[in-house]
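Colleague: In terms of the working numbering, the sequence shown opens at residue 3 and continues consecutively.
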Amino acid sequence: MHRAGGQAHLVTGATGLIGAAVVLQLLTDTDSDIWCLTRPRGARAARQRLHQELTRAARLYGMADTADAIARRCHALTGNLDRPLDPGTLTALPEISHIWHSGASLRAEELFADQVREVNVEGTRRLLDLCRGLGAHFNYVSTASVAPRREGLQHEAPPDATSVLHNVYERSKREAELLVMNSPTPWRILRPVMVVGHSHTYAATTFSGLYAFARRLHRFRRAYGAALEDRRPALVGAATAEVHFAPVDQVARNAVHVGLHGATGYFYHLANSRTLNVADLYTTVFRWSGLLPPHCVPAGTPLAGPDRELNRHMAGFTDYFSRRERFDCTRTQAVVGPQAMSMPMDTTTLTALLDWYGQQVSRSRSPA
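(1) Grab the span of the beta strand (DSSP E) containing Leu192 for me, first residue to last.
(2) Nearest by alpha-carbon distance to Pro304: which of Gly360, Ser291 and Val238 is it?
(3) If contact is defined by three or more beta carbon pairs under 8 Å, each pair taking one atom from either stretch, is the stretch 17-31 in contact with the stretch 253-264?
(4) How would you call Thr266, buried or exposed, if buried means at least 16 neighbouring beta carbons within 10 angstroms?
(5) Taking DSSP's pairing of strands, which residues face Trp102 in a bridge?
(6) Determine the DSSP secondary structure at Asn279, reduced to helix, strand or coil.
(7) Measuring CA to CA, which of Ile20, Asn169, Leu83 and Cys76 is closest to Arg109?
(8) Closer than 8 Å, CB to CB, is Asp321 near chain B or not?
(9) How is Cys76 classed by DSSP in three states: helix, strand or coil?
(10) From this set, Phe323, Glu327 and Leu312, which residue's C-alpha is nearest Leu219's C-alpha?
(11) Going by DSSP, what residue range makes up the beta strand (DSSP E) through Thr40?
(12) According to DSSP, is Leu237 part of a helix, a strand, or is it coil?
(13) Where Ala240 and Tyr284 are concerned, what is the direct C-alpha to C-alpha distance, given to the nearest angstrom?
(14) Thinking C-beta only, is Val197 closer than 8 Å to Leu167?
(15) For Ala370, I'd like the list of residues in its chain whose CB is within less than 7 Å of its CB, leaving aside the five on either flank, ordered along the chain.
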């Protein structure tokens with residue numbers, strides 16, 4: 003593979019799931035230095051936190067041999083997305099060719115609407131201003147949840163500014179997309195589907211999406227499990243609808259390839275051509291949690307007792323799993339090739355991902 007070199011890159015969200023994997027991929031695919039917007043945490047300075055998190059991700063993903071490159075080529079730019087960057091800090095930046103904006107607030111609750119918008123919308127606006135001043139390309143990591151339609155084939159196209167979205171997070175990402183696409187800077191908008199652990203090691207560094215679904219179900223089981231021990235519950239969801247999961251290494255590899263080589267001014271879906279259906283997802287996660295698999299029922303079905311409580315508890319997820327949508331990846335595939343779009347994703351893979359997650363939860367609860 004041709005290794006790009008020269009100017010440096012600036013990455014936000016470099017201690018998060020996608021951002022860390024993007025940094026590791028940039029270390030592999032380029033010879034450039036990488037500057038990462040990083041906030042200090044507790045007693046850890048930004049540089050120390052950045053290197054610790056990247057080294058941990060590299061170890062978990064079977065990339066421990068990048069440790070030296072992390073130490074030499076990854077630099078912390080102290081700051082946060084919810085406030086303007088200090089002008090003095092910016093003077094440390096070298097010439098930047100690309101900004102990779104993967105940092106975001108993932109909160110979806112209305113209670114946090116102002117905070118989410120400050121990070122996801124105003125933070126993007128400030129970075130676009132910086133990007134114009136640097137003369138760099140802007141690669142924005144959005145989410146497939148803001149694709150233009152609610153049902154059917156989702157095209158790699160601008161969002162529908164009038165469609166009803168499910169939560170604060172989705173609305174903030176759509177608003178940020180509109181900012182990016184109306185910016186004069188060269189841009190690409192990258193829309194990943196739900197991201198899961200590494201395709202070979204099954205590891206992940208943060209746990210949302212699939213893991214949050216399993217975590218929420220586990221909490222429900224602790225509270226109501228006795229009522230479900232010998233019966234299959236009813237859970238809202240479209241049994242035959244596709245569920246779109248992509249391993250973090252696939253998402254990062256394709257994001258970097260598109261961000262370096264794809265045409266600017268376009269949208270790119272970062273999806274996996276292999277999918278599960280909702281019934282298989284529910285069956286796998288429920289069995290993994292020690293529960294009988296549920297019956298899928300349509301939204302609006304009258305429910306009572308434990309079924310009603312289950313659906314109330316899982317409502318934020320069943321909204322997603324009631325959609326019948328597929329993702330057009332024509333433009334992405336033209337850049338990365340069809341093989342890069344296909345990664346194992348079946349019930350066996352799903353169980354392995356959940357098992358790895360469960361081991362981490364058990365270790366974190368074990369006494370020192």
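The beta carbon of each residue, even a glycine, is placed where N, CA and C say it ideally should be.
Modeller: Taking the coordinates as given:
(1) On the sequence shown, position 190 is the one that residue 192 refers to. First-last of the beta strand (DSSP E) with Leu192: Trp189 to Pro194.
(2) For the purposes of this step, residue 304 is identified with residue 302 of the sequence shown, where counting begins at 1. Ranking the options by Cα distance to Pro304, first place goes to Val238.
(3) yes
(4) For this step, residue 266 is matched to residue 264 along the sequence shown. Burial call: exposed.
(5) Indexing the sequence shown from 1 puts residue 102 at position 100. Val13 and Asn141.
(6) Within the sequence shown, the letter at position 277 stands for residue 279. Of the three classes helix, strand and coil, the one that applies to Asn279 here is strand, per DSSP.
(7) Translated into positions along the sequence shown, residue 109 becomes position 107. Arg109 has its Cα closest to that of Asn169, out of Ile20, Asn169, Leu83 and Cys76.
(8) Here chain B cannot be found, since the structure has a single protein chain.
(9) What you label residue 76 is simply residue 74 of the sequence shown in a count that begins at 1. Strand, per DSSP.
(10) In the sequence shown, counting from the first residue as 1, residue 219 sits at position 217. Comparing Cα-Cα distances from Leu219 to each of Phe323, Glu327 and Leu312, the minimum goes to Leu312.
(11) Mapped onto the sequence shown, residue 40 falls at position 38. From DSSP, the beta strand (DSSP E) with Thr40 extends over Ile36 to Thr40.
(12) For the purposes of this step, residue 237 is taken as residue 235 along the sequence shown, with counting starting at 1. The answer is strand: DSSP assigns Leu237 an E or B state.
(13) On the sequence shown, residue 240 is found 238 positions in, with the first residue counted as 1. On the sequence shown, residue 284 is found 282 positions in, with the first residue counted as 1. Looking at the two C-alpha atoms, the distance is approximately 11 Å.
(14) To locate residue 167, count along the sequence shown from 1; it is residue 165. To locate residue 197, count along the sequence shown from 1; it is residue 195. No, Cβ-Cβ distance for Leu167 and Val197 is not below 8 Å.
(15) In the sequence shown, residue 370 corresponds to position 368, counting from 1. Confidence at Ala370 is low in this model, with a pLDDT of 41, below 50, so the placement of that residue is unreliable and no value is reported for it.
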